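Shown next, in structure tokens, is the structure this report addresses.
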Amino acid sequence: MTAAIFLFLGLFLAVLGGLTTFLRSDGLHRIISLNIAGSGVFLALMAAPGGEEGVDPVAQALVLTGIVVAVAISGVALVLLARLAELGGRS
Amino acid sequence: MNPLLPALVAALLPLVGSILVWLVPSWSRALAVVTAAGVLVAALGVVNRVALDGAAMMTLGGWPETLGIGIAVDGVGALFLLASAVVGLAATAYGAGYFPARHPFWTLWLLLWAALNAVFITADAFNAYVALELAGLTAAVLVTLGGERDAMAAGLRYLLVSLVGATLYLAGVAVAYTATGTLSLNALMADSPPMMAGVLALGGLALKAALFPLHGWLPPAHARAPGPVSAILSALVVKAALYLAWRWLEVAPVAAEAFILLGIGAVIWGSLQALRVGRLKAIIAWSTVAQMGYLAVGLALAVEGAAGAAMGVAWLALTHALAKGAAFLGAASVVRAAGHDRWPLAAAHLRNRPVLVLAFGLAAASLAGLPPSGGFVAKWYLLDAAMGAERWLLAAVIAGGGLLSAAYLYRILHPALDPRPGAEASHPVPPVLEWSALGLALLVTAFGVVVPWARDLVGVAA
Amino acid sequence: MSPALLPPIAVAIPLIAGLLIFHVPEERHGLRTALNLGAALAKLALVVVLLFGVVGGATYEAALNWLPGRDLILRVDALALLFLALSSLLWLLTTVYAIAYLEGGSHRSRFFGFFSLCVAATAGIALAGNLLTFLLFYELLTLATWPLVIHRGTAEARRAGAVYLRYTLSGGVVLLAGIVLLESVTGPVDFAIGAALPAQAGPAVVIAFALMLAGLGVKAALVPLHGWLPRAMVAPAPVSALLHAVAVVKAGAFGIIRLVHDVYGPAYLAAFGGLNVLMGLSVATILWGSWRALSQDDLKRRLAYSTVCQVSYIALGMAVAGPVAVVGGLVHLVHQGLMKITLFFAAGNLAETLEVHRISRMDGVGQRMPLTMGVFTVGALGMIGVPPVAGFVSKWYLGAGAIAVEHPEILGILVLSSLLNAAYFLPILHRAWFRPPRAGEWRDHGRPGRLETHWMLLLPPLITAGTALAAGLFAGSEVSPLSWAQRVAEALGHGHD
Amino acid sequence: MVVLDALLALVLAGVAVATLNGLRRFRAVVLFVVFGLLLALIWARLGAVDLALAEAAIGAGVTGALLMAALDRLRRTESSRAVAGSAPSLWPVVLVALAAATVGMVAVLSLEPAGRPPVAFHLGASGVDHPVTAVLLAFRAWDTLLEVAVLVAAGVAVRAVGVVPSPPSTEAGPLQAGLLRLVVPVLVVLAVYLLWRGSHAPGGAFQAGALLAAAGVLVQLTRVPGPMDRPALWQRPAETIGLAVFTAAALITAALDVPLAWPEGWSKLWILTIEAGAAISIAVLLMRLFAGGAPVAAATSDPGKGRS
């Protein structure tokens, strides 16, 4: 039953984060909302039913890779944002 | 010596190159050129192996297909890999004349190249995700290397769009994995996952391939990227997303109709914009949007099983990569000579540069699909497939699209032939810049003639 | 050397010559002239060899596997030789003329390079054995002739070039669409075998014919699609001669002949009314061309509209499709070429020597340049259809063919157009011969020496005028264009009953 | 227990909406860190311990630090604290998200359960006992290789984007120095333990790397100039060692016979060496992401310095 709750939560976060990305104009908010959307997708993937016992290690590996990739790209996006602000632009 | 070694080497070699270039920046140009040569050899190895004994598939690490990551090469993948190798070599040579040795371009470009080749050989949905992310990240940062404000803004927008596209694609993969329990594309093709997986994945890929109406980010990014980067972006990076879209369309063929509609929109909208914009690189960037529409239409035809369409799309992708690469390398040389690319003002700098004008001319001929270029062969196949499948609207778009591209490409050639000397003094352009552009243009013309060996290549795939 | 290699060599000679000439430095006139004339003579010799071969019953064919299931075929048949012979002879003469005409001009290596490429494309069109090869060389012709149209580089020339490209590129795409549509129904179409058409002409086949006719009509300057021809007059005289007599317009007409006879066959076309459409178009073009020519004061533009009218005689011959009318159309392909190139050479001489471009300033030109105007007169009379010049022969066969096929109104059209031709050619002759020259009209570049202008500008028109006369006078003889046209008509007859 | 989970889910959803709502950036960053920690809790509730560790260390920790650093830089270059313009109200979005989530849940739950890759069956041959590490570094090693490449690309990218005014880390007071001397060694030991533990229990290169990065960030914050601020010889090799070791392993195994198939019996050693290299690289690269921009010259942080 707990898996179903978190599946719902994951889908909710994914759609919430996804839609907010297009609504917010400020770069920082968009990066945060994208991170939330990503976490939502990962949560949904992990919470989805399937596999015999315990948690599916392949799904865990996928999510772990996803988290690391998300942090790498968010880091670069933040530095770009800062650099752009320094040059006087708006993201 | 397993058959897929050259394919893996094509992806690993640029990785090794990027590490060496980052560690020893002063030698980066030499190292990059050596890596480029290596990748070309690997790509040719793959092409002739596929031509000889057909498509091959292997799971890395020797694990069973349901567990490990599969890499596979078939006719179509071989052609894309060849395009990546050839355009990559030209871009590297061009970069050697354009960027200093201690410039971050080299590491980022080699990492991007590794990601592209990884996409072209992968047979695993999640592996494609990681490779696409690496490609998106490095490509977006390459756009910002220009350093000025609007290049930075275009790069950031491209990075965010790439992240959104990748998240959508990941959601599609997650749904497919949950439903079928496998990540291998071939297995996904067999027990087709729920429609939602295909829609999400193809949505993300359409965004990354800048398919109309999701193309907004492409023109500013490609037009403002420095020198060879715009050639790399237009010729190769958008193709990686398209290549995956081809694989996923086979998993979810129902989306083919949508690709046709988007494709037609792209051809029309892209061409109209290309006729209107006032900068040389913007014209060529919008031409990419239009040609991606062309490819999307061809893709849908190929997936629907129209005879000869697979050959047409693979050939169009290869010749478009070469022709677009030649056009952008030429445009970058014009910017180097004129200091700006406002059009037709900068055309004066083409006046006494026959090599550049010839490169633009041949590239334009191929993009417009005029014989004797490779573009004509591709257009012939696509038209043949469309007529065979009684898709009259598609046939009209394919034929008319060529005319539209001839119209906006003529905007480049027309002022270039004006004999009156330009007012601005033009800066010297190193010969390697012009000749790498011409090299690609000559190659795309040659590809118009050398078709037979490609036939059994794609025949293996189609 | 196996006979199969001859057709590709016929295409290769001008091609290689062109590529070589590109790299000849501008000041090496001797080398360039040698290359040019050598290639032209070699090709002429090869054509003669082919002539004897075909008369002797030999067949020459070369096939290259280009696309899967589709080959590039170069085949020498009677019709191909007719066009090839015409283009080879006129290529040689136009080269001689151009060498003198462009004396002191710039970019000559570029000019002669593209000139040779253009002839190579024409040879390819003539020898094409199937629709795909025809299309390939048809499009190459566009790419080769465009630089010639804008050779002078002036803004007006480049605008004319843009118009030219707009027409011909669109024509090329329409032709491509038509060919692919037809071949999607009938499979690859080889001219020797003809298309495997369904018994009942379905919509696809009809639309394909319309598309292909439109595509070819652009270059054959049929009425609505002729706009580019008068505007292309801004090009130098040898280019105008090339466009009108040797290559471009003839390629369109030649394509129509292939389309009517080798692809569909007149009987099949008549069934779904294709022939009537072609007849209507050609009649309209003949009348419209003549009518527009009347009001042109610029000499070359008047000649351009006259070409629009004359080429449609060939299309008319195909449309009437009786055995006699087909011969008339075929032989007019050669005759019109000879006569029109004579007129253009003469017009070029006037422009080059006296800087006379407008008819209103041609008073008394005959006294100053008797030879040039003499040649012009022969050409003009031939155009009108006055015996013994060759034009009369083709009009006679067209008229006789029309009667034989119970189309008397076509004879009426022929008479009317002859009257119109007279209406726009005779005033020129009258003004040149019977009007005293007005002082200060011309800026005379002529040397006081014996000849009125450079000998290389005079010789080619004299030869073409002489040939036109001979073709008219000795039409009955074995070696005349008329007899060859009859041989072609019989061969066409066997292709399709 | 279900009530607790429902409550946890509700709180997380509330935090997420709060994060995205409102204008002030600082509020959004802080809430995002809270979001990361709560998410780590949920991973633990779902039994995915590896993910809990990674989420806490990387998702909340490092990303939070990066956000804070970016926030500080933005504040110094842009005048207004709050972003101009009005934030669109989120309620319609929340409703749409709820609807979509319910539809999605019903669809996903209705899927008949499909099989999963036979990880347990092949675990023995992989050379490690912990399934997640086996997947990451044996079965799907090619993914992880590309992932390390992504991190290297990020590190290079940050340096390529040019000089960004690195945060003015104030001189460390006695309290910070004392804390530093206590915390950093513990973090390092913990990281090494996690690295070693990864072969038979949750842990591994990424979590160890994140902990090392946390230690590095602490040092970077308290000492001026921090380790990443001055161009030093060790930086580039450290950044690329992970990728270099992994690529070398791939090439060697490819030369032997099957690429990325660790030799029989030795696979545990190969995996550990790769993980060690990866951990170092991840730590240095995450610190580079935090330090941002090209290392400025010695103490004077003039932004005009070219790229090195």
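Residue numbers (this note's numbering), protein chains in the order written: chain A, 104 to 194; chain B, 56 to 517; chain C, 367 to 863; chain D, 4 to 311. Built from N, CA and C at the ideal position, the CB exists for glycine as well. Just so you know, these numbers come straight off a predicted model, no measurement behind them.
CA-CA distance, D205 (chain B) to L665 (chain C), rounds to 57 Å.
The C-beta distance from A405 (chain C) to A383 (chain C) rounds to 3 Å, short enough to fall under 8 Å. Looking at the backbone, the Cα of G757 (chain C) and that of L410 (chain C) are separated by about 24 Å.
Per DSSP, G695 (chain C) is one residue of the alpha helix (DSSP H) stretching across 689-715. Straight through space, the alpha carbons of W46 (chain D) and Q210 (chain D) are spaced by roughly 14 Å. At least one CB atom of chain A sits nearer than 8 Å to the CB of T222 (chain B).
Spatial neighbours of I323 (chain B) in its own chain (CB-CB distance under 6 Å, excluding positions within 5 residues in sequence) are not present.
Nearest CB-CB separation between I516 (chain C) and chain B: below the 8 Å threshold. With a 10 Å radius around the Cβ and a threshold of 16 neighbouring Cβ atoms, F35 (chain D) comes out buried. If only uninterrupted alpha helix (DSSP H) runs of at least 4 residues are considered, those enclosed by the segment 252-306 of chain D are 270-294. Put simply, the segment 523-536 of chain C touches the segment 594-610 of chain C. At least three CB pairs are less than 8 Å apart. The shortest CA-to-CA distance from V539 (chain C) to any of C:I465, C:L582, C:L653 is the one to C:L582. Here L23 (chain D) has L93 as same chain residues with Cβ atoms under 7 Å from its own Cβ, once five neighbours each way along the sequence are excluded. Taking 8 Å as the cut-off, the Cβ atoms of R78 (chain D) and A164 (chain A) do not count as close. Cβ-Cβ distances below 6 Å link A444 (chain B) to A361 in the same chain, with the five nearest sequence neighbours on each side left out; the list follows chain order. One finds V219 in chain B with Cβ atoms closer than 7 Å to the Cβ of T124 (chain A), taken in chain order.
Cβ-Cβ separation between A685 (chain C) and L644 (chain C): approximately 4 Å, consistent with a contact (criterion under 8 Å). Per DSSP, the beta bridge partners of D437 (chain C) are C:N431.
Not one beta carbon of chain A lies nearer than 8 Å to the beta carbon of G245 (chain D).
Just measuring C-alpha positions, the residue of B:I338, B:V64, B:A381, B:G282 sitting nearest V141 (chain B) is B:A381.
For G125 (chain B), the enclosing beta strand (DSSP E) starts and ends at 125-128. Pairing L289 (chain D) with V65 (chain D) gives a Cβ-Cβ distance under 8 Å. From the beta-carbon of L299 (chain B), no residue of chain A is found nearer than 7 Å; the closest lies around 17 Å away. For A111 (chain B), no chain D residue has a C-beta closer than 7 Å to its own C-beta; the minimum C-beta separation is roughly 14 Å. Taking 8 Å as the cut-off, the beta carbon of G430 (chain B) is found no closer than this to the beta carbon of L417 (chain B).
Counting only residues of its own chain and dropping the five nearest sequence neighbours on each side, A43 (chain D) has a CB closer than 6 Å to the CB of A55, E58, A59. In terms of beta-carbon proximity, D146 (chain D) lines the interface with chain B, with at least one pair separated by less than 8 Å.
Residue range 111-114 is occupied by the beta strand (DSSP E) that includes T114 (chain B).
In this structure E479 (chain B) touches A393 (chain B) by the C-beta definition: roughly 6 Å separates them, less than 8 Å. When DSSP states are grouped into helix, strand and coil, T460 (chain C) belongs to the helix group. Ranking D:A281, D:S270, D:L275 by CA distance to the CA of G130 (chain D) puts D:S270 first. Under the three-pair Cβ rule at 8 Å, the segment 535-549 of chain C counts as touching the segment 444-462 of chain B. Against chain A, the beta carbon of R204 (chain B) has neighbours under 8 Å at L187, L190, G191, G192, listed in chain order.
Beta-bridge analysis with DSSP links Y426 (chain C) to C:V442. A check of alpha carbon separations from V228 (chain B) across B:A245, B:P249, B:L218, B:A156 identifies B:P249 as the nearest.
Counting along the chain, V161 (chain D) sits inside the alpha helix (DSSP H) bounded by residues 144-163.
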